[in-house]
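Numbering follows the UniProt record's numbering, with no gaps: position 104 of the sequence shown is 104.
What follows is a single structure, written as C-alpha coordinates, with notes after it.
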Amino acid sequence: MEALLLEPSLYTVKAILILDNDGERLFAKYYDETYPSVKEQKVLEKNIFNKTHRTDSEIALLDGMTVVYKSNIDLYFYVIGSSHENELMLVAVLNCLFDSLSQMLRKNVEKRALLDNMEGLFLAIDEIVDGGVILESDPQQVVQRVALRADDVPLTEQTVAQVLQSAKEQIKWSLLR
1 MEALLLEPSL YTVKAILILD NDGERLFAKY YDETYPSVKE QKVLEKNIFN
51 KTHRTDSEIA LLDGMTVVYK SNIDLYFYVI GSSHENELML VAVLNCLFDS
101 LSQMLRKNVE KRALLDNMEG LFLAIDEIVD GGVILESDPQ QVVQRVALRA
151 DDVPLTEQTV AQVLQSAKEQ IKWSLLR
(Lines of atoms letter the chains of each structure in order from A; the text may use other names.)
(Lines give C-alpha, C1' and ligand atoms only; values in the text may rest on other atoms or scores of the structure.)
Protein backbone atom coordinates (compact mmCIF):
# COMPACT_ATOMS: atom_id res chain seq x y z
CA MET A 1 0.00 0.00 0.00
CA GLU A 2 1.07 3.54 -0.57
CA ALA A 3 2.33 5.46 2.43
CA LEU A 4 -0.04 8.28 1.48
CA LEU A 5 -3.05 6.10 2.25
CA LEU A 6 -1.69 5.12 5.66
CA GLU A 7 -1.02 8.62 6.93
CA PRO A 8 -3.69 10.09 9.20
CA SER A 9 -5.41 13.09 7.71
CA LEU A 10 -8.40 15.35 7.97
CA TYR A 11 -11.54 14.33 6.16
CA THR A 12 -11.70 16.20 2.87
CA VAL A 13 -13.89 16.65 -0.18
CA LYS A 14 -12.78 17.37 -3.74
CA ALA A 15 -15.94 19.17 -4.84
CA ILE A 16 -19.54 20.04 -4.06
CA LEU A 17 -21.98 20.31 -6.96
CA ILE A 18 -25.62 21.18 -7.40
CA LEU A 19 -27.08 20.44 -10.82
CA ASP A 20 -30.59 20.91 -12.16
CA ASN A 21 -32.66 18.10 -13.66
CA ASP A 22 -31.06 18.73 -17.08
CA GLY A 23 -27.54 18.31 -15.67
CA GLU A 24 -26.76 22.03 -15.87
CA ARG A 25 -24.61 23.60 -13.16
CA LEU A 26 -26.36 25.73 -10.56
CA PHE A 27 -23.47 25.62 -8.10
CA ALA A 28 -20.01 24.09 -8.21
CA LYS A 29 -17.08 24.47 -5.87
CA TYR A 30 -13.88 22.53 -6.52
CA TYR A 31 -11.35 22.30 -3.70
CA ASP A 32 -8.33 20.92 -5.54
CA GLU A 33 -6.69 21.14 -8.95
CA THR A 34 -7.82 17.75 -10.27
CA TYR A 35 -10.06 19.58 -12.74
CA PRO A 36 -8.42 23.00 -13.22
CA SER A 37 -10.39 24.33 -16.19
CA VAL A 38 -14.10 25.02 -16.48
CA LYS A 39 -14.21 22.80 -19.57
CA GLU A 40 -12.85 19.82 -17.62
CA GLN A 41 -15.24 20.55 -14.76
CA LYS A 42 -18.24 20.62 -17.11
CA VAL A 43 -17.18 17.28 -18.64
CA LEU A 44 -16.93 15.76 -15.16
CA GLU A 45 -20.33 17.19 -14.19
CA LYS A 46 -21.94 15.78 -17.34
CA ASN A 47 -20.35 12.35 -16.71
CA ILE A 48 -21.52 12.33 -13.10
CA PHE A 49 -25.04 13.41 -14.05
CA ASN A 50 -25.29 10.81 -16.83
CA LYS A 51 -24.16 8.08 -14.44
CA THR A 52 -26.42 9.05 -11.54
CA HIS A 53 -29.63 10.70 -12.70
CA ARG A 54 -31.47 7.48 -13.51
CA THR A 55 -30.45 5.40 -10.51
CA ASP A 56 -31.88 5.17 -7.02
CA SER A 57 -28.57 4.55 -5.28
CA GLU A 58 -26.71 7.13 -3.21
CA ILE A 59 -23.10 6.45 -4.14
CA ALA A 60 -21.08 6.00 -7.32
CA LEU A 61 -17.45 5.51 -8.25
CA LEU A 62 -16.23 7.54 -11.21
CA ASP A 63 -12.69 8.23 -12.45
CA GLY A 64 -11.15 7.08 -9.18
CA MET A 65 -13.44 9.28 -7.08
CA THR A 66 -16.27 8.54 -4.70
CA VAL A 67 -19.45 10.46 -5.49
CA VAL A 68 -22.31 10.59 -3.00
CA TYR A 69 -25.51 12.19 -4.16
CA LYS A 70 -29.13 12.98 -3.44
CA SER A 71 -31.91 14.23 -5.68
CA ASN A 72 -34.89 16.33 -4.71
CA ILE A 73 -37.64 17.58 -7.06
CA ASP A 74 -35.51 19.29 -9.75
CA LEU A 75 -32.09 19.37 -8.06
CA TYR A 76 -29.19 16.94 -7.75
CA PHE A 77 -26.73 17.42 -4.88
CA TYR A 78 -23.25 15.87 -5.14
CA VAL A 79 -20.31 15.62 -2.78
CA ILE A 80 -17.15 14.24 -4.38
CA GLY A 81 -14.18 12.78 -2.53
CA SER A 82 -11.15 10.70 -3.37
CA SER A 83 -11.59 6.95 -3.71
CA HIS A 84 -10.02 6.32 -0.29
CA GLU A 85 -12.12 8.93 1.52
CA ASN A 86 -14.59 7.76 4.16
CA GLU A 87 -17.97 7.48 2.41
CA LEU A 88 -19.85 8.08 5.65
CA MET A 89 -18.15 11.46 6.08
CA LEU A 90 -19.05 12.40 2.51
CA VAL A 91 -22.67 11.41 3.19
CA ALA A 92 -22.59 13.46 6.42
CA VAL A 93 -21.52 16.53 4.40
CA LEU A 94 -24.24 15.87 1.82
CA ASN A 95 -26.94 15.46 4.47
CA CYS A 96 -25.75 18.52 6.37
CA LEU A 97 -25.90 20.62 3.20
CA PHE A 98 -29.33 19.35 2.21
CA ASP A 99 -30.81 19.65 5.71
CA SER A 100 -29.35 23.14 6.17
CA LEU A 101 -30.86 24.29 2.88
CA SER A 102 -34.14 22.63 3.75
CA GLN A 103 -34.33 24.63 6.99
CA MET A 104 -33.19 27.87 5.35
CA LEU A 105 -35.68 27.47 2.47
CA ARG A 106 -38.49 26.29 4.77
CA LYS A 107 -38.53 22.78 3.28
CA ASN A 108 -38.91 24.21 -0.24
CA VAL A 109 -35.67 22.82 -1.70
CA GLU A 110 -36.23 23.35 -5.41
CA LYS A 111 -34.48 25.24 -8.19
CA ARG A 112 -36.39 28.54 -8.02
CA ALA A 113 -36.07 28.86 -4.23
CA LEU A 114 -32.38 27.96 -4.38
CA LEU A 115 -31.66 30.54 -7.09
CA ASP A 116 -33.45 33.19 -5.02
CA ASN A 117 -31.30 32.35 -1.98
CA MET A 118 -27.85 31.74 -3.46
CA GLU A 119 -26.14 33.89 -0.81
CA GLY A 120 -27.46 31.54 1.88
CA LEU A 121 -26.15 28.57 -0.10
CA PHE A 122 -22.68 30.13 -0.36
CA LEU A 123 -22.60 30.88 3.36
CA ALA A 124 -23.81 27.39 4.27
CA ILE A 125 -21.19 25.68 2.12
CA ASP A 126 -18.47 27.90 3.58
CA GLU A 127 -19.59 26.85 7.07
CA ILE A 128 -19.60 23.14 6.17
CA VAL A 129 -16.36 22.89 4.15
CA ASP A 130 -13.34 25.20 4.04
CA GLY A 131 -10.58 24.55 1.54
CA GLY A 132 -11.85 20.99 1.13
CA VAL A 133 -11.63 20.24 4.86
CA ILE A 134 -14.89 19.23 6.50
CA LEU A 135 -15.64 21.64 9.35
CA GLU A 136 -19.25 20.97 10.32
CA SER A 137 -21.82 18.23 9.89
CA ASP A 138 -24.62 19.56 12.12
CA PRO A 139 -27.25 21.43 10.07
CA GLN A 140 -28.55 23.28 13.16
CA GLN A 141 -25.13 24.83 13.73
CA VAL A 142 -24.79 25.74 10.06
CA VAL A 143 -28.20 27.44 9.93
CA GLN A 144 -27.47 29.29 13.17
CA ARG A 145 -24.12 30.58 11.87
CA VAL A 146 -25.57 31.57 8.49
CA ALA A 147 -28.33 33.51 10.26
CA LEU A 148 -25.74 35.31 12.40
CA ARG A 149 -23.65 36.23 9.38
CA ALA A 150 -26.72 37.44 7.48
CA ASP A 151 -27.63 39.76 10.38
CA ASP A 152 -24.22 41.43 10.12
CA VAL A 153 -24.90 42.80 6.61
CA PRO A 154 -24.75 46.62 6.67
CA LEU A 155 -28.02 48.45 6.02
CA THR A 156 -26.65 49.93 2.77
CA GLU A 157 -26.06 46.43 1.32
CA GLN A 158 -29.45 44.97 2.23
CA THR A 159 -32.30 44.62 -0.23
CA VAL A 160 -35.53 46.55 0.32
CA ALA A 161 -37.26 43.34 1.40
CA GLN A 162 -34.54 42.66 3.98
CA VAL A 163 -34.80 46.21 5.36
CA LEU A 164 -38.60 45.92 5.61
CA GLN A 165 -38.34 42.53 7.30
CA SER A 166 -35.82 43.91 9.78
CA ALA A 167 -38.05 46.92 10.49
CA LYS A 168 -41.07 44.63 11.03
CA GLU A 169 -39.12 42.54 13.53
CA GLN A 170 -37.92 45.61 15.43
CA ILE A 171 -41.45 47.04 15.60
CA LYS A 172 -42.85 43.68 16.69
CA TRP A 173 -40.29 43.39 19.50
CA SER A 174 -40.86 46.97 20.64
CA LEU A 175 -44.64 46.33 20.82
CA LEU A 176 -44.17 43.09 22.76
CA ARG A 177 -42.12 44.75 25.50
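All residues carry an ideal CB built from backbone N, CA and C; glycine is no exception.
From a predicted model like this one, the values you see are computed outputs, not experimental measurements.
Just how far apart, CA to CA, sit residue i and residue j?
i, j, result
"residue 139", "residue 47", "29 angstroms"
"residue 44", "residue 69", "14 angstroms"
"residue 165", "residue 132", "35 angstroms"
"residue 57", "residue 34", "25 angstroms"
"residue 63", "residue 147", "37 angstroms"
"residue 29", "residue 111", "18 angstroms"
"residue 85", "residue 12", "7 angstroms"
"residue 1", "residue 65", "The predicted model places residue 1 with a pLDDT of 44, which falls under 50 and marks its position as unreliable; any figure quoted below should be read in that light. Roughly 18 angstroms between the two C-alpha positions."
"residue 113", "residue 128", "20 angstroms"
"residue 104", "residue 81", "26 angstroms"
Considering only the alpha carbon of each residue, which of the options lies closest to residue i?
i, options, result
"residue 144", "100, 76 and 94", "100"
"residue 42", "118, 26, 53 and 54", "26"
"residue 126", "9, 11, 16 and 10", "16"
"residue 134", "61, 89, 122 and 19", "89"
Tell me the residue span of the alpha helix (DSSP H) that contains residue i.
i, result
"residue 95", "87-104"
"residue 123", "118-128"
Where does residue i sit, in a helix, a strand or coil, going by DSSP?
i, result
"residue 145", "helix"
Hey, quick one: how far does the beta strand (DSSP E) through residue i stretch, first residue to last?
i, result
"residue 32", "Segment: none, residue 32 is in no beta strand (DSSP E) and carries neither H nor E."
"residue 81", "75-82"
"residue 70", "65-72"
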